[in-house]
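Note sheet for the following structure.
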Amino acid sequence: MVLENLSKNQFPVIGMTCAACAGSVESMLSHTEGVSKATVNLAAETVLVEYNGALTSPELLREVLKGIGYDLDLRGASWEELQKEKEARLQAMKRNLIFTFLLSFPVFLLGMFWMNWPPANYIQWILTTPVLFWFGREFFVTAFKQAKHRSANMDTLVALSTFIAYSFSVFNTLFPQLLENAGFSAHVYFESAAVIIFFILLGRFLEEKAKRGTATAIKKLMGLAPSEVTVIRNGTEIMIPIGEINLDEQLLMKPGEKLAVDGVVIEGSSFVDESSITGEPMPVKKEEGAKVFAGTLNQQGSIYIRASQIGKNTLLASIIRMVEEAQGSKASIQKLADKISSVFVPTVITLSLLSFVVWTVFGGDQGQTIGFLAMVTVLVIACPCALGLATPTAVMAGIGKGASLGILTKNAEALELAHKITDVVLDKTGTITI
Numbered sequence: 001m002v003l004e005n006l007s008k009n010q011f012p013v014i015g016m017t018c019a020a021c022a023g024s025v026e027s028m029l030s031h032t033e034g035v036s037k038a039t040v041n042l043a044a045e046t047v048l049v050e051y052n053g054a055l056t057s058p059e060l061l062r063e064v065l066k067g068i069g070y071d072l073d074l075r076g077a078s079w080e081e082l083q084k085e086k087e088a089r090l091q092a093m094k095r096n097l098i099f100t101f102l103l104s105f106p107v108f109l110l111g112m113f114w115m116n117w118p119p120a121n122y123i124q125w126i127l128t129t130p131v132l133f134w135f136g137r138e139f140f141v142t143a144f145k146q147a148k149h150r151s152a153n154m155d156t157l158v159a160l161s162t163f164i165a166y167s168f169s170v171f172n173t174l175f176p177q178l179l180e181n182a183g184f185s186a187h188v189y190f191e192s193a194a195v196i197i198f199f200i201l202l203g204r205f206l207e208e209k210a211k212r213g214t215a216t217a218i219k220k221l222m223g224l225a226p227s228e229v230t231v232i233r234n235g236t237e238i239m240i241p242i243g244e245i246n247l248d249e250q251l252l253m254k255p256g257e258k259l260a261v262d263g264v265v266i267e268g269s270s271f272v273d274e275s276s277i278t279g280e281p282m283p284v285k286k287e288e289g290a291k292v293f294a295g296t297l298n299q300q301g302s303i304y305i306r307a308s309q310i311g312k313n314t315l316l317a318s319i320i321r322m323v324e325e326a327q328g329s330k331a332s333i334q335k336l337a338d339k340i341s342s343v344f345v346p347t348v349i350t351l352s353l354l355s356f357v358v359w360t361v362f363g364g365d366q367g368q369t370i371g372f373l374a375m376v377t378v379l380v381i382a383c384p385c386a387l388g389l390a391t392p393t394a395v396m397a398g399i400g401k402g403a404s405l406g407i408l409t410k411n412a413e414a415l416e417l418a419h420k421i422t423d424v425v426l427d428k429t430g431t432i433t434i
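Note that the numbering used here has the sequence shown beginning at 1, numbered continuously upward.
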């Protein structure tokens, strides 16, 4: 269906942890009435939505996602605020990782080397419990929300495998004679549950660090605009934050200052370095009536300008927005990976159960024990995170690196096709502006 009056907005998504999550978010939004297209960027934890404002709204989209255990951040927080929140989250992840290691390592030593020491099982039980249900509680909360809506993601695999190992170990600690009377050894697998949580948290911490690194280019572009500017109000020069500038307001740009808005020179003459926008290294002379752009550098004289575009409407803001959207676009290979990821988790759960059944039936005396280990192993090692994160992280890094060097890429498909370029022809200045 072709929708008129489309709005295009990018929203931060809360709660995504793997490619299956991204697939769920994308699928639910894409099938919402009024939505033309929804594209999730797992690496940036955002979704770009094209929708008809007459048929739906951001609030309704948020309710749709909350129904499956995710959320949209509709606060309209600035990029800097979002990055500060991500940095705080990264530090919290680091603290949790350290505490998880301090608890898991003794469990690992006891489970591997002192498993026959009488108090070992109870010490492992005590140490593993906070690892699972405090530092790893996010896995169980998300898995429960997913289960309520008959869906599954990576957290489902982690929660299932660790809870099964933990529950089986508690049972064997309290009632070892039941298995021993049946001819089996009452093994415990507390170390498996604890170490699994540690390694998954370690993986997510490293992923978060990698995703933080891809934001460097946007940060550099943001840094092209000043934080404060001189405006003329009631004939007086005053310094104000850039966010308080009004449209058509008169600004004074002194030598060495960066321009904060797009506008027109109304008085004065100067040379302006526009290389951050056009790539052209030679300064451009600006006199009365000339257009100037945010992010460029006033070099010699003072000029008075009238603001014609401010905030999100400046050319610099549109470039930043284009880079963000390009980083969130999908290459063809990623679309294939997403299709695989969408059926990955249910397939893994099915295979894990099948492993348990086959070993129990055909594995002989120790078949049930080996089957249990096989089931937990399949649940844990079959992690689709790399499948879902590798391509978008590479796209973000590539487009971001290009943007920091003045090379703007329209989308991931253009980047993917760039390897077919055989010749690049430049003019005598070596600068491409159009």
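All C-beta atoms in this analysis are idealised placements derived from N, C-alpha and C, irrespective of residue type, glycine included.
Boundaries for Met154: no beta strand (DSSP E) harbours it, while the alpha helix (DSSP H) harbouring it runs Met154 to Leu174, taken from the DSSP string.
Contact annotation: Leu252 and Val265 have beta-carbon atoms that are not nearer than 9 Å. Secondary structure note for Val47: its beta strand (DSSP E) is the uninterrupted segment Thr46 to Asn52. Ile370 and Glu180 have their C-alpha atoms spaced approximately 16 Å apart. If you draw a straight line from the Cα of Ala394 to the Cα of Pro12, it is about 19 Å long. Here the alpha carbon of Thr236 sits roughly 58 Å from the alpha carbon of Phe139. If you compare the alpha carbons of Lys291, Leu109 and Val261 with that of Ser270, the shortest gap goes to Lys291. Straight-line measurement puts the Cα of Ala165 at about 16 Å from the Cα of Leu110. Look at Glu237 here: in three-state DSSP terms it is strand.
In this structure the segment 279-289 does not touch the segment 317-328; the number of beta carbon pairs closer than 8 Å is below three.
Where Pro12 is concerned, the enclosing beta strand (DSSP E) starts and stops at Leu6 to Ile14. Listed in chain order, the non-local C-beta contacts of Leu202 below 8 Å within the same chain comprise Leu97, local neighbours out to five positions each way being set aside. In the DSSP assignment, no residue is bridged to Asp73. Boundaries of the alpha helix (DSSP H) harbouring Gln146: Arg137 to Lys148, taken from the DSSP string. Within the DSSP secondary-structure output, Gly268 pairs in a beta bridge with Ile303.
Take His187, set aside five residues on each side of it, and the residues of its chain with a beta-carbon closer than 7 Å to its own are Asn172 and Thr369, in chain order. For the options Tyr70, Gly23, Met112 and Ala307, the alpha carbon positioned closest to that of Val141 is the one of Tyr70. In the structure shown, the three-state DSSP call for Glu81 is helix.
Checking the DSSP bridge columns, you'll see Asn298 partnered with Val272. Taking C-beta separations shorter than 7 Å and ignoring five residues to either side along the sequence, the partners of Ser275 in its chain run Pro281, following chain order. Under DSSP, Met253 forms a beta bridge with Ile303. Scanning Val348, Val343 and Leu259 for the CA closest to the CA of Ile305 turns up Leu259. Taking Pro226 as the centre and dropping the five residues before and after it, the same chain places the C-beta of Ile242, Glu257, Lys258 and Ala260 closer than 7 Å to its C-beta, in chain order. Within the same chain, Cβ atoms closer than 6 Å to the Cβ of Leu103 are found at Leu127 and Val131, the five residues on either side in sequence being excluded. Between Val343 and Gln299 a beta carbon distance of about 58 Å is seen, past the 8 Å cut, so the two are scored as non-contacting. Counting along the chain, Lys66 sits inside the alpha helix (DSSP H) bounded by residues Pro58 to Lys66. In this chain, the alpha helix (DSSP H) harbouring Thr128 covers Ala120 to Pro130. Residue pairing by DSSP places Lys291 opposite Val264 in a beta bridge. In the three-state scheme derived from DSSP, where H, G and I count as helix and E and B as strand, Ser308 is classed as strand. Inter-segment contact for the segment 59-66 and the segment 21-41 is present: three or more beta-carbon pairs are separated by less than 8 Å. Taking 8 Å as the upper bound for CB-CB distance, Asp262 and Ala294 are in contact here, some 6 Å apart. Note on geometry: alpha-carbon atoms of Glu287 and Pro255 lie some 14 Å from one another. In this model, Trp134 and Leu178 are separated by some 30 Å (Cα to Cα). For Ala38, the enclosing beta strand (DSSP E) begins and ends at Val35 to Asn41. The beta carbons of Tyr51 and Thr32 sit closer together than 9 Å. Counting along the chain, Glu413 sits inside the alpha helix (DSSP H) bounded by residues Ala412 to Leu417.
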